[in-house]
Amino acid sequence: MSDSERVLVIEAGSAQRHYWADLWRYRELFAVLAWRDVVVRYKQTVVGIVWAILRPLITIAIFTVVFGMLAKLPSEGKTPYSLLVFVGMLPWFLFSNVVSEASNSLIGNASLISKVYFPRLVLPAASSAVALVDFGVNLIFLFGIMAWYGISPGIHVVLLPLFVCIAIFVSLGPALLITALNLKYRDFRYIVPFGLQLGLYVSPVGFASSALPENWRIWYSLNPMVSVIDGFRWCLLAGESQLYLPGFFLSLAVGAFIFCFSLLYFRRTEKSFADLI
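Counting from 1, position 126 in the sequence shown corresponds to residue 1245 in our numbering; the numbering is continuous, with no gaps.
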């Protein structure tokens, strides 16, 4: 066929398919940006990676004194209260760090967005690498604390990677929405820290969700982090913590809805990111 006979075919949905294919083609860019964020986070710092441990430790100490000693909130089984809080804090800080890092990923890469085409989803996803590094450090430290208490995880620990993936999935939902909104409405950067601080207290970090009345527990599971935190405790606390399956699946469903809604909003507004920058 000659050049004069070539026909341009416009097919519905082709741009959408190309976009998801582009995500795979730009996987090296994802790796470069993720490594850059990790290096920038820890290079030439005074405290360095120790800060990843100090933050949860300080929070755990406050929870233990205020809620464990003064309010005398119960633990689960024979698990020390401080360990219960630590295991709950582990996925919460992963969630908090993913949302915090992702919310500024577009603004922090403004020059890249305005000059080069690539799927913008790469930016909030790559920024989550820092959160995973912090999570890995805290997980190692947690195993050390468990050994000190003489507690070893049961067979359920083999499912911990699954719950880590669920935690990332649940975290990316609000992260994508906040990332897009933060670019359009710059005052969102003041709302995010407040929202995360509030979420810390309304999530079952400082207490076991099993302590709630049965008729309230299913409604409490509308918080997607409930399934994640309960899942971590079920994996790590050697049978002392049990999964409430109706609430677990409800939390997953809410998390999936938030992720799909946020992804659709992110994709719908993505074409205007360069102009908003």
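The beta-carbon is built from N, C-alpha and C at its ideal position, and this holds for glycine as well.
Enclosing alpha helix (DSSP H) for residue i [first to last residue]
| i | result |
| --- | --- |
| Pro1107 | Nothing about residue 1107 can be read from this structure; the chain reaches only from 1120 to 1396. |
| Gly1374 | Leu1364 to Glu1389 |
| Asp1156 | Arg1146 to Tyr1161 |
| Glu1195 | No alpha helix (DSSP H) holds Glu1195; DSSP gives it neither H nor E. |
| Ser1224 | Ser1224 to Gly1227 |
| Asn1342 | Run containing Asn1342: none; DSSP gives neither H nor E here. |
| Ser1247 | Val1241 to Tyr1268 |
| Phe1307 | Phe1307 to Val1321 |
| Leu1176 | Val1169 to Phe1182 |
For residue j and residue i, believed in contact at Cβ under 8 Å, the rounded distance
| i | j | result |
| --- | --- | --- |
| Leu1148 | Phe1237 | 6 Å |
| Pro1221 | Pro1243 | The residue asked about is misnamed: residue 1221 is Ala in this sequence, not Pro. That belief holds up - the Cβ atoms of Ala1221 and Pro1243 are roughly 4 Å apart, short of 8 Å. |
| Val1345 | Pro1323 | 6 Å |
| Leu1176 | Tyr1268 | Contact doesn't hold; Cβ gap of about 15 Å is too wide. |
| Pro1343 | Ser1370 | 5 Å |
Test item: CB-CB of residue i and residue j under 9 Å
| i | j | result |
| --- | --- | --- |
| Val1204 | Thr1183 | yes |
| Phe1186 | Phe1212 | no |
| Ala1330 | Leu1192 | yes |
| Ile1377 | Gly1292 | yes |
| Ala1153 | Ala1248 | yes |
| Ala1357 | Gly1273 | yes |
| Ala1299 | Ser1246 | no |
| Val1252 | Val1151 | no |
| Ile1172 | Asn1257 | yes |
| Ile1297 | Val1241 | no |
| Thr1198 | Ile1264 | no |
| Ser1290 | Ala1250 | yes |
Pairwise C-alpha distance: residue j and residue i
| i | j | result |
| --- | --- | --- |
| Ser1233 | Arg1352 | 44 Å |
| Gly1318 | Ile1310 | 12 Å |
| Cys1379 | Phe1288 | 10 Å |
| Phe1392 | Leu1302 | 7 Å |
| Leu1355 | Ile1348 | 11 Å |
| Met1208 | Tyr1320 | 11 Å |
| Trp1143 | Ala1372 | 27 Å |
| Ser1133 | Trp1139 | Bear in mind that a pLDDT of 45 at Ser1133, under 50, signals an unreliable position, so the number given afterwards is only what the model happens to contain. Looking at the two C-alpha atoms, the distance is approximately 10 Å. |
| Gln1316 | Gly1227 | 23 Å |
| Leu1362 | Gly1350 | 7 Å |
Residue-level contact to chain B via CB, residue i, 9 Å cutoff
| i | result |
| --- | --- |
| Pro1175 | Note that chain B does not occur in the displayed structure, where there is just one protein chain. |
Cβ-heavy atom distance, residue i to the ligand SAM, below 8 Å
| i | result |
| --- | --- |
| Val1184 | Absence of the ligand SAM is noted for the structure shown, with no ligands found whatsoever. |
Checklist entry - Any contact of the segment 1372 to 1389 with the segment 1305 to 1317, i.e. 3+ C-beta pairs under 8 Å? => result no
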